[in-house]
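These protein sequence lines map, in sequence, to chains F, U, Z, W, Y and C.
Start counting the first sequence at 199; every next residue gets the next number (our numbering).
Start counting the second sequence at 199; every next residue gets the next number (our numbering).
Start counting the third sequence at 199; every next residue gets the next number (our numbering).
Start counting the fourth sequence at 199; every next residue gets the next number (our numbering).
Start counting the fifth sequence at 199; every next residue gets the next number (our numbering).
Start counting the sixth sequence at 199; every next residue gets the next number (our numbering).
Ideal placement from N, C-alpha and C gives every residue a C-beta, glycine not left out.
Read the structure below first, then the notes.
6 protein chains.
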Amino acid sequence: MDNERYQKGLKHLEEYNSGNYGKLKEKLADIAPDLARFVAEFAYGDVYSRPGLDVKSREIATVAALTALGYAPLELKSHIEGALNSGCSREEIVEVIIQMAVYAGFPAAINGIACAKEVFNRMDEK
Amino acid sequence: MDNERYQKGLKHLEEYNSGNYGKLKEKLADIAPDLARFVAEFAYGDVYSRPGLDVKSREIATVAALTALGYAPLELKSHIEGALNSGCSREEIVEVIIQMAVYAGFPAAINGIACAKEVFNRMDEK
Amino acid sequence: MDNERYQKGLKHLEEYNSGNYGKLKEKLADIAPDLARFVAEFAYGDVYSRPGLDVKSREIATVAALTALGYAPLELKSHIEGALNSGCSREEIVEVIIQMAVYAGFPAAINGIACAKEVFNRMDEK
Amino acid sequence: MDNERYQKGLKHLEEYNSGNYGKLKEKLADIAPDLARFVAEFAYGDVYSRPGLDVKSREIATVAALTALGYAPLELKSHIEGALNSGCSREEIVEVIIQMAVYAGFPAAINGIACAKEVFNRMDEK
Amino acid sequence: MDNERYQKGLKHLEEYNSGNYGKLKEKLADIAPDLARFVAEFAYGDVYSRPGLDVKSREIATVAALTALGYAPLELKSHIEGALNSGCSREEIVEVIIQMAVYAGFPAAINGIACAKEVFNRMDEK
Amino acid sequence: MDNERYQKGLKHLEEYNSGNYGKLKEKLADIAPDLARFVAEFAYGDVYSRPGLDVKSREIATVAALTALGYAPLELKSHIEGALNSGCSREEIVEVIIQMAVYAGFPAAINGIACAKEVFNRMDEK
Numbered sequence: 199m200d201n202e203r204y205q206k207g208l209k210h211l212e213e214y215n216s217g218n219y220g221k222l223k224e225k226l227a228d229i230a231p232d233l234a235r236f237v238a239e240f241a242y243g244d245v246y247s248r249p250g251l252d253v254k255s256r257e258i259a260t261v262a263a264l265t266a267l268g269y270a271p272l273e274l275k276s277h278i279e280g281a282l283n284s285g286c287s288r289e290e291i292v293e294v295i296i297q298m299a300v301y302a303g304f305p306a307a308i309n310g311i312a313c314a315k316e317v318f319n320r321m322d323e324k
Numbered sequence: 199m200d201n202e203r204y205q206k207g208l209k210h211l212e213e214y215n216s217g218n219y220g221k222l223k224e225k226l227a228d229i230a231p232d233l234a235r236f237v238a239e240f241a242y243g244d245v246y247s248r249p250g251l252d253v254k255s256r257e258i259a260t261v262a263a264l265t266a267l268g269y270a271p272l273e274l275k276s277h278i279e280g281a282l283n284s285g286c287s288r289e290e291i292v293e294v295i296i297q298m299a300v301y302a303g304f305p306a307a308i309n310g311i312a313c314a315k316e317v318f319n320r321m322d323e324k
Numbered sequence: 199m200d201n202e203r204y205q206k207g208l209k210h211l212e213e214y215n216s217g218n219y220g221k222l223k224e225k226l227a228d229i230a231p232d233l234a235r236f237v238a239e240f241a242y243g244d245v246y247s248r249p250g251l252d253v254k255s256r257e258i259a260t261v262a263a264l265t266a267l268g269y270a271p272l273e274l275k276s277h278i279e280g281a282l283n284s285g286c287s288r289e290e291i292v293e294v295i296i297q298m299a300v301y302a303g304f305p306a307a308i309n310g311i312a313c314a315k316e317v318f319n320r321m322d323e324k
Numbered sequence: 199m200d201n202e203r204y205q206k207g208l209k210h211l212e213e214y215n216s217g218n219y220g221k222l223k224e225k226l227a228d229i230a231p232d233l234a235r236f237v238a239e240f241a242y243g244d245v246y247s248r249p250g251l252d253v254k255s256r257e258i259a260t261v262a263a264l265t266a267l268g269y270a271p272l273e274l275k276s277h278i279e280g281a282l283n284s285g286c287s288r289e290e291i292v293e294v295i296i297q298m299a300v301y302a303g304f305p306a307a308i309n310g311i312a313c314a315k316e317v318f319n320r321m322d323e324k
Numbered sequence: 199m200d201n202e203r204y205q206k207g208l209k210h211l212e213e214y215n216s217g218n219y220g221k222l223k224e225k226l227a228d229i230a231p232d233l234a235r236f237v238a239e240f241a242y243g244d245v246y247s248r249p250g251l252d253v254k255s256r257e258i259a260t261v262a263a264l265t266a267l268g269y270a271p272l273e274l275k276s277h278i279e280g281a282l283n284s285g286c287s288r289e290e291i292v293e294v295i296i297q298m299a300v301y302a303g304f305p306a307a308i309n310g311i312a313c314a315k316e317v318f319n320r321m322d323e324k
Numbered sequence: 199m200d201n202e203r204y205q206k207g208l209k210h211l212e213e214y215n216s217g218n219y220g221k222l223k224e225k226l227a228d229i230a231p232d233l234a235r236f237v238a239e240f241a242y243g244d245v246y247s248r249p250g251l252d253v254k255s256r257e258i259a260t261v262a263a264l265t266a267l268g269y270a271p272l273e274l275k276s277h278i279e280g281a282l283n284s285g286c287s288r289e290e291i292v293e294v295i296i297q298m299a300v301y302a303g304f305p306a307a308i309n310g311i312a313c314a315k316e317v318f319n320r321m322d323e324k
């Protein structure tokens, strides 16, 4: 295994999105554990840990992209949590998603808001 | 016409992306002038002018989304300029686009970087 | 608020799709009420109310696009209702969706038909 | 070969879009002639020739879908011609494309209008 | 009806994916039976039955495409079964899906793996 | 740098697609050299080099996915070359692309064939 990159990714994940990575790892454990490892190593160890862009801006970019692509609500919800954990306010997240109406159409934006609502509600219930 | 919203959008565009809106308006003038008006009124007057998210973060979101969607290089190049004009560094833009390899795949990211290169080169030649 | 456009959009919605806009407005009320307002103002007040294309043809265009994009079944179902309310027969809607097999592939068309079936069944149960 | 379906499709194409099918057939002749045959047989012989939806509405659906998908400007231009040949006015085509700003975002609509402009200009030059 | 092509498609389906086609046919029976017929005739009778590419490779191509497109989990699961029935090992299917992280991003790959897991679990429970 | 993975990826690329990686590396050299490095390390070092699926099947999967996604003709052409270099015949590649008409629609398949034609012609001219 590629320990340094994995540890770097894990450190990032522990700071910003530990719960969701744990669930992903568990979900992939018996079928594609290497895909979970690649998420930690490549997505977080190689990419998110790069200097040159702050983590909050990275999460804004990801929330925007996943809202626009439209087919990955689970991942969008995970990154809405990641955005909150990296310093985005709820209002900022909502603004990013509303803005996607302009670039990917209203259905994408409306479904993105439904994801945000689910995350916010889940947090308020705790 | 809806003067207040149009003027608000135009003011935003003049500050951040005047050249590209001028070209769009000209391109649409004889076939769909209302579509250009909607861009000023809705995209910029209604959405980009909203408080709750700074313009730089809005451009990061748009660069991310257009890179991920992959089919709109002209609009992506326009927003790479918009991102520079709203305070993004070249490095930050490059980071946003590289990150899209994780969420939309390497082809989308590589094509996004080609757009950024074209914009940066054009600016350096001036 | 932009009363004239909002009222124009609302009038269109009341005629063709009142139930679904009510649900959307409620869903967005506590998180992104302005997105619901934009739907009424921009989508219906600015765009659907334009002369130059009849409402039935507009709904055909939207059912086609949402079937082809594939990721927005809720919005597709809402527009299948809108299409029925603007004078499309069930057969016409089914034809539009089947045709998308040619332009967006069979999975998109099959999923679109599943949405139509759900809408038709719901109406028959009333 | 499946003569009846092929002839039926060809007859439709000759009435509504002969030039573009000729070009497609030529383009595919030495590499994938069966794909051109499938276009005539399946897309036009099986689908477009079906009763239950008039040809004009079929072309509106296709122009909408190809504008929304965004990645197929050649095919979109071909169907803009097909739409004109089946009785759509230029204004109706422009309206369909503008409307896609609502469902697939402004970049898709703007690029769709650029395709329409190219087709209209080409026709005016003749 | 187009008996020869339909029979050819059905024969392919009976060999590789009989259960899922039966379910599709039933689902479409009262609303769009011709769409089910087109699946048998065109997808399986015309395309899958062609020489020039073995069935196993055809299923690999389809699993890859449906994973990358991301919006059709039902069809993806059906083709994961088809891939198994045409000689793919579970490991090969998992590899195809993991690889899509490179071309369509991690969310598409992760959701594809979730589909594979569901199919494999269902088979193990029998 | 992560030498082992990079060398592994490079070795794969040298065997199957050296020319295109050279061009990509050059194109990215002055703006995002790490993105080229990630292609070698992650796409080829981590993913393509995995056991469990032969290289020819991997290229079939990638040609299918890029044809279906539709917006990345440069990458598709590069992988059509990669497919030829890993043992696919021209006929097999054409079959994969034609099949995408079923899953992503005819426009995607027709544009994919245009890419194949360009690659095959370029090779024949040498």
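Please classify residue i: does DSSP put it in a helix, a strand, or coil?
i	result
residue 324 of chain C	coil
residue 270 of chain F	coil
residue 251 of chain Y	coil
residue 228 of chain Y	coil
residue 215 of chain U	coil
residue 276 of chain F	helix
residue 285 of chain U	coil
residue 207 of chain Z	helix
residue 303 of chain U	coil
Under the assumption that residue i contacts residue j (Cβ atoms under 8 angstroms), give the Cβ distance between them as a whole number of angstroms.
i	j	result
residue 223 of chain Y	residue 312 of chain Z	About 14 angstroms separates the two Cβ atoms, so there is no contact after all.
residue 300 of chain U	residue 241 of chain F	5 angstroms
residue 214 of chain Y	residue 280 of chain Y	5 angstroms
residue 259 of chain Y	residue 259 of chain C	7 angstroms
Return yes when the Cβ of residue j is within less than 8 angstroms of the Cβ of residue i, no when it is not.
i	j	result
residue 233 of chain W	residue 229 of chain C	no
residue 251 of chain W	residue 290 of chain Z	yes
residue 270 of chain F	residue 295 of chain F	no
residue 266 of chain C	residue 266 of chain Y	yes
In angstroms, rounded to a whole number, what distance separates the CA positions of residue i and residue j?
i	j	result
residue 219 of chain C	residue 208 of chain C	9 angstroms
residue 243 of chain F	residue 305 of chain U	21 angstroms
residue 206 of chain Z	residue 238 of chain Y	47 angstroms
residue 248 of chain Z	residue 245 of chain C	51 angstroms
residue 323 of chain C	residue 211 of chain Y	42 angstroms
residue 204 of chain U	residue 236 of chain U	8 angstroms
residue 254 of chain Z	residue 285 of chain Z	6 angstroms
residue 319 of chain U	residue 288 of chain U	11 angstroms
residue 221 of chain Z	residue 256 of chain Y	43 angstroms
residue 202 of chain W	residue 201 of chain Y	13 angstroms
residue 283 of chain U	residue 276 of chain U	11 angstroms
residue 321 of chain Z	residue 278 of chain Z	12 angstroms
residue 273 of chain U	residue 273 of chain W	21 angstroms
residue 231 of chain C	residue 217 of chain C	17 angstroms
residue 298 of chain Z	residue 317 of chain W	23 angstroms
residue 292 of chain Y	residue 268 of chain C	23 angstroms
Using a threshold of 7 angstroms, is the CB atom of residue i nearer than that to any non-hydrogen atom of the ligand NAD?
i	result
residue 268 of chain Y	Here there are no bound small molecules, and the ligand NAD is not part of this structure.
In chain order, what residues of the region 288 to 318 of chain Y put their CB closer than 8 angstroms to some CB of chain C? Per Cβ criterion, the list reads 289, 290, 292, 293, 294, 296, 297, 298, 299, 300, 301, 302.
Report the residues of the region 241 to 257 of chain F with a CB closer than 9 angstroms to any CB of chain Y, ordered along the chain. Within the region 241 to 257 of chain F, the qualifying residues are 241.
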